[in-house]
Structures are given as C-alpha cells and as structure tokens.
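Read through the structure below, which is laid out as structure tokens, and then see the notes.
See below:
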C-alpha cells in the first residue's frame, strides 16, 4: 500500500514537473516572440513609412512628367503654327519680290520709251525748224497761198501738241509706276519685318522646347532614382518580412512541440468561401507567384489556407492576407491594384482549387529561395 502511494506520488511529481517545464518553455517562446515584434515592428514601420513616402514622391514626379510632356506637346504645336506662319510670309515675300522685279523692268522700259519719245520730238523739231537753217516763221511765209500757210501752221502746231502730250503721258505713267514701286517696297519692308518677327518667335519656341526637354530629361532621372529607392525599400521590407516569418515559424514550431501540436489539417476541414475569398486569394497568388509554375501558385495558395486553419493565425482569407507585415505586395500596394482589376484566369483557377481542398503543401511560410542560405524546406520554382 505504501509502495503504491509512493509510486503514485512520484508520478504526480514528475507530471507536475513536466507540466511546469512545458509552461516555462511556452512562456519563453511567447516572450521571445513578443520581444522580436517589439524590436522589429518600429523598424518595419519606419521602412514602410519610407516606402510610402517614396511612392508619394514617385507619383508626384510621374504627374510632373505627364504635365511636362503635355507642355512639350503644346510647344510643338505652337512651333508647327509658327513655322506655317513663317512659310506663308516667305511665300508672300517671294510674290512681292516678283512684282517688284516685274515693275522695275516696266519702269526701265518706260524710261526707254520716254527717252525715245523725247529724242523723236527733238528730231522733228530740228527737222522742221532747222532744215536749211530756216525757222518755222520762214516756212509759213514761203507758202504759196493762205491755205497752204494755214495748213503748215496747223501741222506744226499739231506735231508740237502731240509731242507735248506724249511727253506728259509718259511722265504721268512713270510717276504712277514709281508710286506703285514705292508701295511695293513699303509692303516688302512690312513683310520683311513680319518675317523677322516670325523667325524670332520660332527661335523662342525652339529654345522653350529645348529647355522643356531638359526638364523632362532631368525629371526622368529623378523618376528613375525614385523608382530605385522605392524598390530598395520594398526589398528591405521583404527581407524584414522573411526574418519575421522565420522567427514566427520557429516560435510556432517550438510552441507546437511543447503543447503537443495545435495546428489543424486543412485538407480534412471543410471551408465555406465566397467570391471575395476567391478574388483575394487569386490576387495574392498572382502577386507572389504570377511568374511561377502552376504548382507554385497552388503552393502559395496552400500556405494561405494552412494559416486559415491554424490556430496561430487569423481564421479567414482576408484576415491572413491583411495581417501586418506578412505579404509585401499588400504593403507596397500591388495587391490592391491586382485585386481592383482582377487576377488572371490561371491564378483564379489555382485559388478555386486550393479553396476546394487541393492543398499541395503543409507549409505555413514561404519566401524567395536563396540557394546559398536556405538549406531546409521544399523548393518549388523560385520559392522555398
């Protein structure tokens, strides 16, 4: 009887000691996880804030780039208009120059005609008044009759009147043509002034275009720098996420070993889902494994559902996906973009298969495979 009591008492003490050890191990595990989150969460928040700030700067730079491109387009349109205006002015100048050249030829011809008319008049006067050194009075007096005298006198008068009239006509015509020439030259001067203004305007627009292009080039460099900075922050967030997931995995594994296991086998538990679950699961699959083999897509979806059925994670698809610091595409905003436009048909198919129970792995975590670092786990495509 005493021996039985002693054995029973010993067993109870051993059970209580084992239970205490399990509680202590679980407590240490929880405390370690809390310390890890306490130390990494502020740093993660800082990196995420930096990424958000970089994305805002990037969006502002892209908007500025769009505005600069629109301004460059407007300047190009103005340059085309200025070039067309200059071409029209130069065409008018060419036409006006042709008129001036034609008028100069006409003036030269009129001058020649005037000189010829004047020469003819002098020749006639000389013939009539100076032939045989006789003057016009003597020619009249030599007439044999009064009728002949009157005829000679009228002839001389008519010739003189004709010559005077022709000289006056030629002089008037020359005056008109010279006035037209002055008008044409004034028009040409105005056109030359307009041409110079059009050339100056065209050059100014070209200078503005060159300056705007320099702004666009400089802004393009800033956009590239901002994109590189955002990518750097995103990679840093991914590295931090991997470190946290690894710590969580080890903590959950330790907790499971100490408590005898608390996970639930997803493949044996029915899950009721709706279109929202399909859309979100398909979107995270596309973000994380859109460039992976189909089996890799199923594996990523399986990790999400394994967490849904694990007591250490949220119990819904949305809860798992939106858990802080778990999926970098959620933090960077890519998940929201894919969710808004809808995932690809292949990713939707993979999501539906997983939700219907096609769980291809029992893993709770995954990240990009690092050949020189990762020695455990199952490698599927680019993931472990």
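Numbering (the numbering used here), first residue to last: 29 to 412.
From the three backbone atoms N, C-alpha and C, an ideal C-beta is built for every residue, glycine too.
Going straight from the alpha carbon of residue i to that of residue j, what length do you get?
i: residue 135; j: residue 194; result: 16 Å
i: residue 90; j: residue 251; result: 7 Å
i: residue 391; j: residue 100; result: 54 Å
i: residue 401; j: residue 395; result: 12 Å
i: residue 385; j: residue 303; result: 16 Å
i: residue 351; j: residue 318; result: 21 Å
i: residue 129; j: residue 151; result: 33 Å
i: residue 407; j: residue 243; result: 47 Å
i: residue 61; j: residue 341; result: Note that residue 61 scores 43 on pLDDT, short of 50, meaning its location in the model is unreliable; the coordinates nonetheless yield the value given after this. Whole-angstrom Cα-Cα distance: 14 Å.
i: residue 206; j: residue 133; result: 12 Å
i: residue 145; j: residue 190; result: 11 Å
i: residue 300; j: residue 343; result: 12 Å
i: residue 186; j: residue 192; result: 10 Å
i: residue 267; j: residue 357; result: 13 Å
i: residue 239; j: residue 228; result: 16 Å
i: residue 336; j: residue 372; result: 23 Å
i: residue 223; j: residue 96; result: 30 Å
i: residue 369; j: residue 346; result: 17 Å
i: residue 329; j: residue 338; result: 14 Å
i: residue 105; j: residue 122; result: 26 Å
i: residue 98; j: residue 241; result: 11 Å
i: residue 245; j: residue 107; result: 20 Å
i: residue 364; j: residue 263; result: 18 Å
i: residue 147; j: residue 140; result: 10 Å
i: residue 393; j: residue 324; result: 13 Å
i: residue 405; j: residue 398; result: 11 Å
i: residue 256; j: residue 361; result: 16 Å
Determine, using beta carbons only, whether residue i and residue j come nearer to each other than 7 Å.
i: residue 127; j: residue 201; result: no
i: residue 359; j: residue 265; result: yes
i: residue 348; j: residue 332; result: yes
i: residue 412; j: residue 327; result: no
i: residue 204; j: residue 131; result: no
i: residue 103; j: residue 236; result: yes
i: residue 85; j: residue 254; result: yes
i: residue 198; j: residue 124; result: no
i: residue 114; j: residue 249; result: no
Please check the pair residue i and residue j, which I expect to be a contact at CB under 8 Å, by giving their CB distance rounded to whole angstroms.
i: residue 82; j: residue 261; result: 6 Å
i: residue 247; j: residue 93; result: 5 Å
i: residue 258; j: residue 110; result: Contact doesn't hold; Cβ gap of about 41 Å is too wide.
i: residue 383; j: residue 309; result: 7 Å
i: residue 409; j: residue 320; result: 4 Å
i: residue 322; j: residue 374; result: 7 Å
Using beta carbons (cut-off 7 Å, strictly below), is residue i in contact with chain D?
i: residue 233; result: In the structure shown, chain D cannot be found, because there is only a single protein chain.
inquiry  = Using 8 Å as the cut-off, can you tell me whether the segment 301-317 makes contact with the segment 378-398, which would need three or more C-beta pairs spanning the two stretches below that distance?
reply    = yes
message = As an exercise, report each continuous alpha helix (DSSP H) stretch of at least 4 residues that is fully enclosed by the segment 215-252, in chain order.
response = none
ask   = Between the segment 217-230 and the segment 104-121, do three or more beta carbon pairs fall short of 8 Å?
value = yes
message = At 3 residues or longer, what runs of the beta strand (DSSP E) sit wholly inside the segment 109-137?
response = none
Residue ranges of each alpha helix (DSSP H) within the segment 302-382, 4 or longer = 303-317, 322-336, 345-349, 356-360 and 362-369
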